[in-house]
Structure formats: structure tokens, C-alpha cells
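So this is what it looks like as C-alpha cells:
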């Protein structure tokens, strides 16, 4: 008999609190892993889904198991999976919206193309911050509809400082931003980013060459001056509120290079100026492209093992067990977490 499986789920739209109950044990399909969850991290989409329900996703089927980020051990590898084995310590990213894929449960179905082995020395709670931020950053930077940058390499030093193009990452201390900085640097690009002043040190430690105060009244002019003589490779806009200033910056006539903007959120009513192009990129776009396996299966395990890539932002562990997930959802909705990611341990 398969193990028992429990989940913290939404029995209906806008249900609060999450309900912990027994659910079906998932069986690995082709190209899938079943991961026994040791820690899960939360993302804004999780608490927005609970609060907004069908206003946000009117096609969700209930009961619905939230959660995109899981860290744990492989218990089963499905047909066609040759590179993962039971017992492997991994992180994994949800790619679809069926209940079996939700991270808020004890056993999670994860696409092998969106899973990465993690070092024994990296605690599951630390590793759990990675999947959604890392995957979204990769989609923004590498998808052809995004910036279409060169893929990352461990120890990339092939370009001299004078040869490097500059990638702009708006909101470098966010989950997506922290990963985007590191990925762009690993791809051989210089990175300019924005954050609050108290997060400047974090952004620089991740590899950003220049960090700017996102609240500065003269931000766009300051960044334009710093970009003088440089060639821009594009901009990653993490929050919808960043689209306006990003468009203003790239729309300036003195900015040289690519004027492509890859957005992690829908563009809404903000239109780019003449000469600037923008696209909304979904994280699950990398599941079936070459990018998912390239960054999750090939790059990330080695980068973590060598210490050239950090699991950031730091975890803020709210509690232990599925029952703690509602508290974590509430903390996220309050919006008082900076340069950290909410995590619940399931060990």
C-alpha cells in the first residue's frame, strides 16, 4: 500500500483557514518525481490565491493544494527519468495546477526538468527558498520571448569587464531578483539593480555591480548616468510597479543596446514607449523547453555545491507542520517581510 498523504488545502475558493486533511498519494508519471516534502516556501501567488479565489484564477479546481516550492527527498522516479533516484535530496518547482502538484502536502509530484539536487550541507529549509524565484528568474532571462540571454555556466569568466553587457534587474532583494542577479552574473553579464538601502549589501554579495535606491526621486537619471558608455542586454522587471520606471529608463535616447523588458507580472495598462518592447513571461514556460533542464538539472546542482550560487533570500521559518502554513500565509499577506522568504518545515 502507498504511504498516507496529508495536505493543507483550500476546500473551496477563498476558504480560510487552510484545511489539513488526507489526500490521494501521487504516483510518478512519465518525467516526474515524487518528493517527500521536508520544507516548503511560500510565494505571493499562494496568499493571493487564498484571498482572491476565482477573481485571480477562475479555472482552479477545488479542493486545491497551494504551494510552488518544495525541498525534500525523492521517493519515486517515473518512467523516462534517468538522472534522479530515491533518496536524492532535491528542490522542485510546481509546473501545473492539479492538486497532486501542490507543495503544501507531504508527498509532491514534481517535473524532473524542474528539480535540482542539493548538497548534503544545505538544510532543506534554506534550499526551499529557491525553486519559484530561481525558475522565474531563468524564464525572464533566458526564454526567447524574454531577454534571450546566454545560459549560465559555473565559474563563467570568459568576458572581460569591458566586454560585458549590462542586465538591469529591478528589485534585486526580492526572491526573483536575488536569483536573477546571480544567474545573470553566471551568464557573464554585469548587473545593475535596485533595492532599499538596507539591502544594498545583500545585492552586492550576490554579484550586482551597482545598486540604486528604488525610492530615490532621481533614480532613472542616476541609472542612466551610470549606464553611459555601456551596452544594455535588457531589463527584468520583478514587480508590476517597476514597469513604469523601467520603461522610462530604457526609453531614454542615450541608453544603448537592447530595450527589451521581461516582466514577471502582467503588463496591465502600462504601455512601453516607442522603441521599448515588453513581455510577460510565465515561469512554467521553461518546463518543456531546454531551459528548465539546463538551469535546474545541469547548472544549479554544481553551482550550489561549489558555493558559486547562494540560496537566497534567507528563509524565515514560521513553524513546523502543515498546520503552520496558514500562519505563514497570514504573515505573507501582511507584507512585512523584506529580503527573506517564508518557509514552513515539514520534518
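Residue numbers (the UniProt record's numbering): 1 to 347.
We treat Cβ as the ideally placed atom computed from N, Cα and C, and that holds for glycine.
Where residue i and residue j are concerned, what is the direct C-alpha to C-alpha distance, given to the nearest angstrom?
i           : j           : result
residue 369 : residue 20  : Residue 369 is absent from the structure shown; the chain starts at 1 and stops at 347.
residue 298 : residue 94  : 18 Å
residue 244 : residue 165 : 23 Å
residue 202 : residue 307 : 16 Å
residue 14  : residue 329 : 13 Å
residue 86  : residue 73  : 7 Å
residue 30  : residue 18  : 30 Å
residue 115 : residue 151 : 17 Å
residue 334 : residue 134 : 24 Å
residue 126 : residue 102 : 19 Å
residue 46  : residue 200 : 28 Å
residue 155 : residue 207 : 13 Å
residue 288 : residue 63  : 27 Å
residue 76  : residue 315 : 27 Å
residue 82  : residue 120 : 21 Å
residue 99  : residue 66  : 8 Å
Please name the residue, chosen from the options, that lies closest to residue i on a Cα-to-Cα basis.
i           : options               : result
residue 284 : 226, 250, 189 and 111 : 111
residue 189 : 143, 177, 168 and 201 : 168
residue 186 : 222, 97, 287 and 300  : 300
residue 194 : 150, 31 and 246       : 246
residue 131 : 29, 310 and 335       : 310
residue 36  : 63, 16, 58 and 124    : 124
residue 227 : 239, 121, 205 and 252 : 252
residue 2   : 118, 34 and 84        : 34
The beta strand (DSSP E) that contains residue i, what's its start and end?
i           : result
residue 34  : 32-41
residue 107 : 107-111
residue 194 : 190-195
Give the DSSP-derived three-state secondary structure of residue i in the structure shown.
i           : result
residue 160 : Low per-residue confidence applies at residue 160: pLDDT is 48, beneath 50, and the placement is therefore not dependable, though the value from the model is reported in the following sentence. Of the three classes helix, strand and coil, the one that applies to residue 160 here is coil, per DSSP.
residue 170 : strand
residue 131 : helix
residue 331 : helix
residue 116 : strand
residue 14  : coil
residue 44  : helix
residue 340 : strand
residue 54  : helix
residue 257 : strand
residue 265 : coil
residue 233 : strand
Between which two residues does the alpha helix (DSSP H) containing residue i stretch?
i           : result
residue 245 : 243-250
residue 121 : It is not in any alpha helix (DSSP H) - residue 121 carries neither H nor E in the DSSP assignment.
residue 205 : 200-205
residue 21  : Looking at the DSSP string, residue 21 is not in any alpha helix (DSSP H); the run it does join, the beta strand (DSSP E), is 19-23.
residue 315 : Per DSSP, residue 315 belongs to no alpha helix (DSSP H); it is in the beta strand (DSSP E), 314-320.
* How about the stretch 22-30 and the stretch 104-111: do they share at least three Cβ pairs that are nearer than 8 Å? -> Yes, the stretch 22-30 is in contact with the stretch 104-111.
* Asked: When the Cβ atoms of the stretch 310-326 are set against those of the stretch 209-217, are three or more pairs found closer than 8 Å?
  -> In short, these stretches do not touch, since the Cβ pair count stays below three.
* Asked: Hey, is the stretch 250-270 in contact with the stretch 225-240, meaning 3+ C-beta pairs nearer than 8 Å?
  -> Counting C-beta pairs closer than 8 Å gives three or more between the stretch 250-270 and the stretch 225-240, which meets the contact rule.
* May I ask you to verify whether the stretch 287-297 touches the stretch 136-153, counting CB pairs closer than 8 Å and requiring at least 3? => Cβ pair count under 8 Å is three or more, so yes.
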